[in-house]
Amino acid sequence: MVSESFSKQGKYLLKSWVAAIFIAATLLMFTGRAFAYSVDADGVPEWLAQIIERSISAVAERMPESQSDENAEKDIGVNSGKLFSGYKVDSVTISSGVIKISMSTEKAPAKWSVEVRTPPVQDPPLEWLKADIAVIEKPLNGLIDGLPVEALNWCDSGLKEEVLKIMAPILPGWNPTLMVHSGKEEFIMKVALTPELPLVLAVNPTLTSNSLPTLLHEDLREDLM
Numbered sequence: 192m193v194s195e196s197f198s199k200q201g202k203y204l205l206k207s208w209v210a211a212i213f214i215a216a217t218l219l220m221f222t223g224r225a226f227a228y229s230v231d232a233d234g235v236p237e238w239l240a241q242i243i244e245r246s247i248s249a250v251a252e253r254m255p256e257s258q259s260d261e262n263a264e265k266d267i268g269v270n271s272g273k274l275f276s277g278y279k280v281d282s283v284t285i286s287s288g289v290i291k292i293s294m295s296t297e298k299a300p301a302k303w304s305v306e307v308r309t310p311p312v313q314d315p316p317l318e319w320l321k322a323d324i325a326v327i328e329k330p331l332n333g334l335i336d337g338l339p340v341e342a343l344n345w346c347d348s349g350l351k352e353e354v355l356k357i358m359a360p361i362l363p364g365w366n367p368t369l370m371v372h373s374g375k376e377e378f379i380m381k382v383a384l385t386p387e388l389p390l391v392l393a394v395n396p397t398l399t400s401n402s403l404p405t406l407l408h409e410d411l412r413e414d415l416m
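Its first residue numbered 192, the sequence shown is counted upward by one per residue in the working numbering.
Next up, the structure:
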């Protein structure tokens with residue numbers, strides 16, 4: 192009976208230790224996540240802020256947890272100055288796990304204009320496309336207003352994503368190709384439109400009518416073509 196009692200007690204202690212180790216490992220795992228930083232970037236357009244915040248979050252994940260906030264602020268400031276050309280870091284503060292970075296352009300805001308090139312199609316689709324292009328030109332200009340041209344070194348993919356977001360509801364089925372040219376007093380972002388597959392290569396309309404004379408069918412068909 193005594194040996195049986197000790198056996199049960201030993202099993203109980205073993206289970207307790209296993210449970211304790213599991214709980215400790217779980218707590219360590221969640222504690223590590225709790226120290227993850229969130230990032231708030233201001234002084235830049237919202238779409239640029241999202242790119243900056245993702246990049247700084249990746250940098251912060253590699254910082255040792257034992258590092259002081261003061262040293263972390265210095266490291267983030269130095270790295271941000273190297274990563275985000277065209278912008279300067281005004282301040283970096285860390286408080287309660289939140290990294291707040293304030294930025295501004297290094298030079299006077301650049302002047303931009305947008306030119307959306309019409310694809311090689313004929314009327315009437317060409318007129319429809321021109322009307323749709325007129326709708327997106329204003330938001331496209333607003334997207335790049337004041338953007339330092341140097342920032343295109345790190346935000347070009349994000350810029351194309353934003354252009355697609357603007358285009359998609361108005362010009363579905365078209366992909367943009369972005370090209371930047373330097374003018375005398377401004378930078379010009381030229382947007383070329385490329386159709387997505389599949390393409391309509393030809394249209395062959397047919398007419399069926401029991402009331403129209405047969406001679407008129409061919410004339411109407413030619414007008415449709």
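Glycine residues also receive a C-beta, built at the ideal position from the N, C-alpha and C atoms.
Check whether the Cβ of residue i lies closer than 7 Å to any heavy atom of the ligand SAH, and answer yes or no.
i: Ser348; result: Among the components modelled here there is no ligand, and therefore nothing to report on the ligand SAH.
So what does residue i bridge to, in DSSP terms?
i: Asn366; result: Thr385
i: Ile379; result: Ser304, His372
i: Val230; result: Ile290
i: Gly337; result: Ala301
Which same chain residues end up closer than 6 Å to residue i when comparing Cβ atoms and leaving out the 5 residues on each side of it in sequence?
i: Ala240; result: Ala232
i: Ser276; result: Glu341, Asn344
i: Lys291; result: Asp231, Thr284
i: Gly337; result: Pro300
i: Gly288; result: Tyr228
i: Asp323; result: Ile361, Leu362
My assumption, with CB atoms under 8 Å, is that residue i sits in contact with residue j. Please give the rounded CB distance.
i: Val307; j: Ile361; result: That belief does not hold up - the Cβ atoms of Val307 and Ile361 are roughly 11 Å apart, past 8 Å.
i: Val371; j: Val354; result: About 12 Å; that fails the 8 Å criterion.
i: Leu384; j: Pro310; result: 5 Å
i: Glu261; j: Lys279; result: Not confirmed; about 20 Å, so no contact.
Which term fits residue i, buried or exposed, when burial requires 16 or more other beta carbons within 10 angstroms of its beta carbon?
i: Pro386; result: exposed
i: Met358; result: buried
i: Trp319; result: exposed
i: Ala251; result: buried
i: Val312; result: exposed
i: Ser271; result: buried
i: Pro339; result: buried
i: Pro367; result: buried
i: Leu317; result: exposed
i: Val305; result: buried
Between which residues of its own chain and residue i is the CB-CB distance below 7 Å, once the five residues before and five after are set aside?
i: Ala263; result: Met254, Ile285
Quick one: what's got a C-beta closer than 8 Å to residue i's C-beta in the same chain, skipping five residues either side?
i: Pro389; result: none
i: Ser348; result: none
i: Met294; result: Ala232, Asp233, Gly234, Val235, Ile243, Ser271, Phe275, Tyr278, Lys279, Val280, Asp281
i: Pro315; result: none
Which whole runs of the alpha helix (DSSP H) in the segment 278-332 are 4 residues long or more, in chain order? none
Please give the ranges of any alpha helix (DSSP H) in the segment 229-264, keeping only runs that are unbroken, at least 4 residues long and fully inside the region. 237-252
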